[in-house]
Amino acid sequence: MIDKKTIEHIAKLARLEITEAEANEYSQQLGKALSHFEQISKINTEGIEPLVTPTEIEEFWREDIAKQEFSPEDMTANAPSKAGNLFKVPPVV
Amino acid sequence: MELINASIIEIAEAVKTKKASAKEVATFFMKRAENLNPKLNAYTSFNKQAIQDAEAIDARIAKGEDVGVMAGVPFGIKEMFCTKGITTNAGSKILQNFVPPYDATVVARLKKAGIVITGKLNQDEFAMGSSNETSFFGATKNPWNLECVPGGSSGGSAAAQAARMCAGTLGTDTGGSIRQPASFCGIVGVKPTYGRVSRYGIIAYASSLDQAGPMVSTVKDAALTLEVISGHDERDSTTSQRKVPTYSKDLSTNVKGMKIGLIKEYMHGGLHADVQKTVDQAISTLKSMGAEFVEVSVPMTEFAVPVYYLVAASEASSNLARYDGVKYGYRAEFANLSAVDLEDFYGKTRGEGFGKEVKRRIMLGTYCLSSGYYDAYYNKAGQVRRLIMNQYRDAFKKCDVILSPVTTSPAFKIGERVSDPLTMYLNDIFTTSTNLAGLPGMSVPFGMSADGLPIGVQLTGAHFDEQKMLNVGCALEGASSVKGKTPNV
Amino acid sequence: MYRGYEAVIGIEIHVQLNTESKIFCSDSTQFNAGDNENTSPVSVGMPGTLPVMNKRAVEFAIKTGLALGCHIRKKSVFARKNYFYPDLPKGYQISQYDQPICEHGSITFKVGEQSKTIKITRAHLEEDAGKSNHLGDFTMINYNRAGIPLLEVVTGPDLRTPQEAAEYGRTIRQIVRYLGVCDGNLEEGSMRCDCNVSIRKVGDERLGTRTELKNINSFRFVEKAIEYEIERQIDLVERGEKVIQETRLWDPDKNKTFTMRSKEEAQDYRYFPDPDLLPLVVSDELINRMKSELPELPIARKNRFVSAHALPESDAEVLTTEKDLADFYEETAIVSKNFKGAANWIMTELLRELNSNNLEIRASPIKPMQLGQLITMIDKGTISGKIAKSVFPEMWKTGKDPEVIVKEKGLVQVSDPAAVEKIVDEILAANVSQVVDYKSGKKNLFGFFVGAAMKASKGQANPDLVNQILQKKLNG
């Protein structure tokens, strides 16, 4: 069980509005999952560098050349709300 | 050549040599797909332009143009792949109406090779699931038994291919999402080495684990598809610059002298009897072909599932932050937008737009990355991940390919495991370590359960050594007792 | 100075690198593009898009790091900084966290007469966010700026006064302009200065709670904002209250800082290495190449002008404010072989014209070669300094070489003694009574004869020669 306050804090960090019922459910389920994860704590990983991407590192950098492949209309075509070619959102403080 | 059983290679050959037109091929598969879909719910949308696209290919062939090695082949594309001008929703309400102005690189490569897109295929929401039950667009049914799941997250791809609603499909695999549904539906599914295939335009679930791959009916088709989609992409920094081998041309069923590894830690039993039988049969078949079996040890696989879920959920919690109702996708309804608090704007949109499993994993991932927990969870998982990869590397010093089950049991019933996420997660016990180590893996149909459900055998190769893996797969395919068997839909 | 308290100041400067394309995608970085014109699926954070590193951004970062005396990390890592804001398309910013590309540097500069050395803790690469504009009841988002490369330069808490802070900022600005990696425009936002300010009692070793000051768009305001904040914090502490760790904005109209966040929550950014970008591995070869491409830095150049050109420090200071100006000066000096001459002409005549016409030195209609030529002509006696002053505006107006103008206008100084003698004879012959007066004691009439000779020669007679010959004829 993860306590309710923590669940609310995590939901806020993740910007997920959850109901009371959902909060209780997550509290249980997350608790279970995390207990399951806890088993890795007993593994000896001293001096081991974490693996982030399982690939060989090959340098690939782009040349600094500007390209125009899309129009502003293309980019805003899927906007839920827009004004001209600007994305429209609630007023931000 | 009967279209219903034709391979990708056969269709392409027929279309190129004008023995069949792309139009008639497309028409056949589109009709079949449209007829079967109400039963299976494998497709989420059909390509309205499919017949015109096919006609265009015929026109180019008539002019003498080379349209590519997959000329006129009808392909279904998992919702996870961005397809220009065609709705791409990742199985989610939050992307319900998203129409990308770009193709995923792999889609573009297949189009260049001449495919005709039949439509988009159903999947678990954001690829989070092993049964296709978390899709916003409803569950997909297993063509072999409509009461069973097709597997997931590429359930739509597996079902569509098994029911021959197209000639080839693309899936994605983050923890087994190609291999497991391929096994449940009796088709061939290949996950390439991490970095072999571009992820550009593939909606990200877990960046360091996702890979795209073919879900098709034969190993040779898989090899050809892999050739077409593989290779360096300058839009994806994680792709390898290694040259792409001619997998299909070099395909061989000769496994004489090959060393096949069996992971000691997987041999504790606990498998469904029919799965055990299938695996045993595969071993004896390969032995009879001259392959040698060696025992290898990868003890860290014991922790593959928790490490996988920890890493995947963490990366996903960040990858899914962009779905915020600002630039595209779903936005919650607000009576007066100008009076909405920003936090509520995000909270309501994401709370309503995402399904339960997705929200669960976002919460989990956020927690594991949060201040105070990062070291014990995310960072620790990364360390264990390296141990897993190192142990696999050592194992591959002793063998060429590793053989193992895909899952502990055949396809389960719809609704059977949804209530307890953890049980669902433990499904992935044999597939997740492959993604963690970045290795290539595949599932080949080899057996069947007593109640007529397909059972696949998993092969895992060393980094960038797909050829050996495909060869063993090809050998098994040829000797399979279920070869040629199709579901009665 | 501060009522027994000491101010501890650290500065974070965001330098917008002026590459052609963005840091992780090929969108143009051109200023003044239309709404969302400089965007693409990557910079709008569309599904499935991925970042790819811009080579030039890496080069600029290394150059800047080297200029700041930093150690360049062979392997640095990109990390995701996760938070939600409409101008952040992906819901995270790609930045660098615990393994930045540059670290452990330092910079020395002058504050008045004092020399001050500041530690540069780190400099790291990251992407800029989009822009929000308030329009009526809503906010409009433009992602043109999203993805422009930034180099964030962070100092240690080594500054002690607002003046030091402002001078530090000016020094960084000068350096990045010298390197050509940024135009350092605070007002337009190509360089942004955030100041961390705290106070403590003099002698106290511990650091006080600090506030972060943002929205400061000039160095003058840097000084004012920090000054205000120091006093504000001291007032608080003297009243027995605590300084709250928060972000404060500078209000240039009210001349005060005010709190930005209404809620006090510390943000949890959940940094983790970005799996889409492999670690940035930089070779010795690249670092050495960048080192060799570094221009002479402003302070070193100034010192060289003083020691090798014998210029006064104040002249050298002015001439090295901008690299273009220093280049112009040096080229002129080389052509004319006259350091002080070049310095004077540039600092007086040229800068005056440039300023009143609002032109950058690059746009000067007079080229170094031409100015150098003018100075040489004076030094050789081809024209007088006075004539040169009239040639200069002609050069400015027409862009022609001084030699051409002098020839066209027949301004060549008359230095032929015979010719000058002829003019002097004519003057003396035409002014007999003045000659008599001079010879009988009115020595101040000498100037009259000089003036008359210059006038008769339209100013072209070599004044020294006129003097010489007059002396001989009148006195000799």
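Chains as they are written, first to last, in the numbering used here: chain F, 438 to 530; chain C, 4 to 492; chain E, 57 to 532. All C-beta atoms in this analysis are idealised placements derived from N, C-alpha and C, irrespective of residue type, glycine included. Keep in mind it's a predicted model, so treat the numbers as computed, not measured.
Could you round the C-beta distance between Gln-490/E and Phe-504/E to whole angstroms and report it? I think they count as a contact, below 8 Å. 6 Å
Applying the 10 Å Cβ sphere with the 16-neighbour rule, what's the burial state of Glu-320/E? Low confidence applies here, because Glu-320/E scores a pLDDT of 48, under 50, leaving its location unreliable; read the following figure in that light. Glu-320/E should be labelled exposed.
Counting only Cβ pairs nearer than 8 Å, list the residues of chain F close to Phe-140/E. Arg-452
I'd like to confirm the pairing. Which residues does DSSP put opposite Lys-123/C in its beta bridges? Ser-48/C, Ile-80/C
Please say whether Gly-189/C and Lys-488/C have beta carbons closer to each other than 8 Å? yes
Using the beta-carbon of each residue, which ones in chain E are nearer than 7 Å to Lys-441/F? Result: empty, since nearest Cβ-Cβ is about 18 Å, beyond 7 Å.
Would you tell me roughly how many angstroms separate the C-alpha atoms of Lys-359/C and Leu-263/E, rounded to the nearest one? 46 Å
Mind listing the chain E neighbours of Leu-523/F? Cutoff is C-beta to C-beta under 9 Å, in chain order. Asp-91, Asn-92, Asn-189, Leu-191, Met-196, Ile-197, Asn-198
Count the other CB atoms, across all protein chains shown, that sit within 10 Å of the CB of Ile-417/E; report buried if there are 16 or more and exposed otherwise. buried
What residues in its chain sit with their C-beta under 6 Å from that of Ile-543/F, if we drop five residues either side in the sequence? Only positions 438 to 530 of chain F appear in the structure, and residue 543/F is not among them; the question remains open.
Three CB pairs or more closer than 8 Å across the region 235-243 of chain C and the region 344-351 of chain C: no
Chain-ordered chain F contacts of Glu-346/C [CB-CB under 8 Å]: Lys-449, Arg-452
Excluding the 5 residues flanking Val-338/E on each side, which residues of the same chain have their C-beta closer than 8 Å to its C-beta? Val-114, Ile-118, Ile-128, Arg-129, Lys-130, Lys-131, Ser-132, Ile-157
Using 8 Å as the limit for Cβ to Cβ distance, is Asn-110/E near chain F? yes
Among Ser-300/C, Phe-449/C, Ile-80/C, whose alpha-carbon lies nearest the alpha-carbon of Ser-484/C? Phe-449/C
According to DSSP, is Gly-444/C helix, strand or coil? strand
Is Ser-422/C buried or exposed, if buried means 16 or more other CB atoms sit within 10 Å of its CB? exposed
Closer than 7 Å at the beta carbon, the chain F residues around Val-337/E: Ile-494, Glu-496
First and last residue of the uninterrupted alpha helix (DSSP H) at Phe-187/C: 182-188
For Trp-401/E, which of helix, strand or coil comes out of DSSP? helix
Which partner residues of Arg-248/E appear in the DSSP bridge assignment? His-70/E
Tell me the residue span of the beta strand (DSSP E) that contains Pro-449/E. Unbroken run through Pro-449/E is the alpha helix (DSSP H), 441-454; no beta strand (DSSP E).
Checking contacts by CB at 8 Å: is Asp-154/E closer than that to chain C? no
Proximal residues to Gly-373/C (C-beta, below 6 Å), its chain only, five neighbours per side dropped: Note that residue 373/C is Ser in the sequence shown here, rather than Gly. Cβ within range, chain order: n/a, list empty.
Could you tell me if Ala-316/C is buried or exposed, where buried requires 16 or more neighbouring beta carbons within 10 angstroms of its beta carbon? buried
For Glu-480/C, which residues in the same chain have their Cβ closer than 6 Å to its Cβ, ignoring the five residues on either side in sequence? Val-222, Val-447
Please decide whether Glu-320/E counts as near chain F, where near means a Cβ-Cβ distance under 8 Å. Bear in mind that a pLDDT of 48 at Glu-320/E, under 50, signals an unreliable position, so the number given afterwards is only what the model happens to contain. By this cut-off, Glu-320/E is not an interface position.
The beta strand (DSSP E) with Glu-385/E in it runs from where to where? Note on residue identity: the sequence assigns Tyr, not Glu, to residue 385/E. Where Tyr-385/E is concerned, there is no enclosing beta strand (DSSP E), although the alpha helix (DSSP H) it sits in stretches over 379-392.
Minimum Cβ-Cβ distance from Ile-206/C to chain E less than 8 Å: yes
Residue ranges of each beta strand (DSSP E) run of no fewer than 3 residues wholly in the region 380-465 of chain C, ordered along the chain? 404-408, 444-451, 457-464
C-beta contact flag for Thr-175/C and Asp-127/C at 8 Å: no
Limits of the alpha helix (DSSP H) - the one that Asn-474/C falls within: 469-481
Spatial distance of Val-278/E from Leu-73/E (CA atoms): 22 Å
Of the choices Ile-7/C, Gly-234/C, Leu-442/C, Gly-75/C, whose alpha-carbon is the least far from that of Ala-17/C? Gly-75/C
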